[in-house]
Amino acid sequence: MVLDRKTPPAFKTINDISFPWPIEMQLHGSTPLYVLDQGNLPIIKLSLLFESGSWYEPQNGVAYFTAKMLLEGTKNKNAHQIAAYIDYYGASIEIIPRADYCSIELVSLSKHLIPMLELLAEILVSPTFPAAQLQLLQHLKIQEIKIEDEKNSQISYKRFKEALLGKEHPYGYSLTAADIQAVTREQLIAYHHEQLLAGCQVLLSGQVTDQNIQDVHGYLSFLNLQQASRPKHPLSIQPPSKISITKEGSLQSAICIGKVLFPKTHPDYLAMYIVTELLGGYFGSRLMRNIREEKGYTYSIHASMVPLKEATYFLISTDAIQEFAEQTCTEIYKEIKTLQTAEAPLEELTTLRNYMIGNFLASINDPFSIMQRFKETHLHGLGQAFYLQFYHTLQTITPAKIKEIANSYLTLDSLTEIRVG
């Protein structure tokens, strides 16, 4: 059959975004287990979520290194043996410490789930936190920070967070070499015992069988729903500021502009998300068309919302040609002002809707991606209704509503600007 390349495929409107949702079960000790049995490949992903991110740590860096050291040695295996064991079974284990939580992600062939569960239980229950491995990880992290601090974009983003919430807040601080050097093995042992496994939730996705579920019950029965006492870190939002840092020899200026917004549970979150996409969330957005396509000041510019448990960052970021940094900022503010003073054309809004719906559907095309979408709402106390509301809001939002949201939350004098270059 010869393809007809002269006739494009018919355009179809998406009228439904329903998709499978995990089933809630329980492990022993009331630990929640969420199961999504989907897919046609014998692969399983197991995610463990713990309330042990940097929000809970007694000192900067303790949560990060406690999590990262789990793969560096147990009572029965050293770091090399753990790595070789994972490689032998063609699996992967990734440990991701974040501000609000820590996640451990295991991906394995279904037939190798039991040996990987055995290893997972071992690294969670009996890590030894070898002093030599801790020193190595500390050295590597310090070198990583030194490299980051040579990059204007990294400096700009770190200073942006600090300018919004201060260096002392878990959402505002970035690890320093001094923080890292101050972390001790004894602190990691204590944090593992007191906090690391708190508030556990288990997510299981892929081609899941009843036997797989029984195996998870059997090997992870030691996990208890030990509720973590969430420390109080009041959001002391700093006054808007403009900070310019000169870096000799820079060919580009890294720019971050934004503010602290409400958490994901706020009634205006979805409308603000749509406004953000219109402004700078995709290739055809206003910032891209103006500052990249028409002016040529930058290769890429992006607006995004970064949701955390108790707040959200609104952020516009770009690396602009050094001599056009001032003009770039001017054009960013100009585009925001246009959102506030003129209603978006219906044709532009239709294009945005089609892009956002298509992008969303592409993000739920396999079981692991669906579980990721589940996690992104579940950690904020939300459910599948959030995505149905997203679809409804996207289909019904009006140019007048977009203008209203921009005026409510993007007043120019509320924005912090960081420029490095």
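In this note's numbering, the protein residues as written are 346 to 766.
Glycine included, each C-beta is placed from N, C-alpha and C at the ideal position.
For residue i, I'd like the list of residues in its chain whose CB is within less than 8 Å of its CB, leaving aside the five on either flank, ordered along the chain.
| i | result |
| --- | --- |
| L372 | L378, V547, V561, H562, L565, S566, L568 |
| E463 | Y564 |
| P576 | W400, Y401 |
| A466 | Y564, L565, F567 |
| H514 | H578, L580, S581 |
| K413 | I440, P442, L482 |
| S645 | M633, R637, T663, D664 |
List the DSSP bridge partners of residue i.
| i | result |
| --- | --- |
| T601 | Here the sequence assigns Cys to residue 601, which means Thr is not the residue at that position. DSSP, once it has assigned bridges, lists S662, I763 as partnering C601. |
| Y379 | E369, L548 |
| F395 | C447 |
| S767 | No answer is possible for residue 767: the residues shown for the chain start at 346 and end at 766. |
| S589 | R764 |
| H647 | S662 |
| K422 | BP columns for K422 are empty, so no partner. |
| K390 | V452, S550 |
| I441 | S448 |
| L606 | T657 |
| P652 | T657 |
At the level of alpha carbons, what is the spacing between residue i and residue j?
| i | j | result |
| --- | --- | --- |
| E721 | I441 | 15 Å |
| G551 | L348 | 35 Å |
| K682 | G703 | 28 Å |
| T663 | H647 | 7 Å |
| P353 | F410 | 53 Å |
| I500 | I487 | 15 Å |
| F628 | H484 | 39 Å |
| V553 | F364 | 17 Å |
| D494 | T521 | 10 Å |
| I525 | R504 | 19 Å |
| G517 | A355 | 48 Å |
| Y502 | S519 | 10 Å |
| G435 | L454 | 8 Å |
| V407 | A527 | 9 Å |
| A665 | I636 | 9 Å |
| P712 | S759 | 40 Å |
| T675 | M370 | 53 Å |
| L660 | Q667 | 20 Å |
| L416 | Q478 | 10 Å |
| P608 | G728 | 15 Å |
| T686 | T756 | 12 Å |
| I763 | I588 | 5 Å |
| I590 | K506 | 15 Å |
| K512 | N405 | 11 Å |
| E489 | K496 | 11 Å |
| S708 | I715 | 7 Å |
| T673 | I600 | 9 Å |
| S574 | A476 | 29 Å |
| Q556 | S630 | 48 Å |
| S375 | G544 | 10 Å |
| W385 | H457 | One detail in the question is off: residue 385 reads as Asn in this sequence, not Trp. Rounded to the nearest angstrom, the two C-alpha atoms are 17 Å apart. |
| D382 | P367 | 8 Å |
| I619 | E671 | 27 Å |
| R718 | L541 | 24 Å |
| F705 | N699 | 10 Å |
| P403 | L684 | 43 Å |
| H425 | G398 | 26 Å |
Please classify residue i: is it buried, with 16 or more other beta-carbons within 10 angstroms of its beta-carbon, or exposed?
| i | result |
| --- | --- |
| S598 | buried |
| K357 | exposed |
| A508 | buried |
| Y658 | buried |
| G766 | buried |
| D445 | buried |
| E688 | exposed |
| A751 | buried |
| E767 | Outside the shown range of the chain, which is 346 to 766, sits residue 767, and nothing can be said about it. |
| L510 | buried |
Please work out which residues of its chain come closer than 6 Å, Cβ to Cβ, to residue i, disregarding the five sequence neighbours upstream and downstream, and give them in chain order.
| i | result |
| --- | --- |
| F731 | T722 |
| F669 | Y642 |
| R530 | F474, A476, L479 |
Leaving out five residues on either side along the sequence, give the residues of the same chain with a beta carbon under 7 Å from the beta carbon of residue i.
| i | result |
| --- | --- |
| I459 | D560 |
| K746 | A616 |
| Y754 | L606, M617 |
| V380 | P367, I368, M370, L549, V553, I558 |
Checking contacts by CB at 8 Å: is residue i closer than that to chain D?
| i | result |
| --- | --- |
| L632 | Here chain D cannot be found, since the structure has a single protein chain. |
(message) For the structure I just gave you, are there three or more beta carbon pairs, one from the segment 389-396 and one from the segment 445-457, closer than 8 Å?
(response) yes
(request) Spell out a yes or no on whether the segment 581-601 and the segment 735-744 are touching, meaning 3 or more CB-CB pairs, one atom from each, closer than 8 Å. (result) The segment 581-601, when compared against the segment 735-744, does not touch it at the 8 Å Cβ threshold.
(message) Pairs of beta-carbons, one from the segment 469-482 and one from the segment 410-428, closer than 8 Å: are there three or more?
(response) yes
(message) I want to know whether the segment 676-690 touches the segment 525-537 - three or more CB-CB distances under 8 Å.
(response) no
(message) Within 8 Å, do at least three Cβ pairs link the segment 607-620 to the segment 651-669?
(response) yes
(message) Does the contact criterion of 3 or more C-beta pairs under 8 Å hold for the segment 618-634 versus the segment 690-710?
(response) yes
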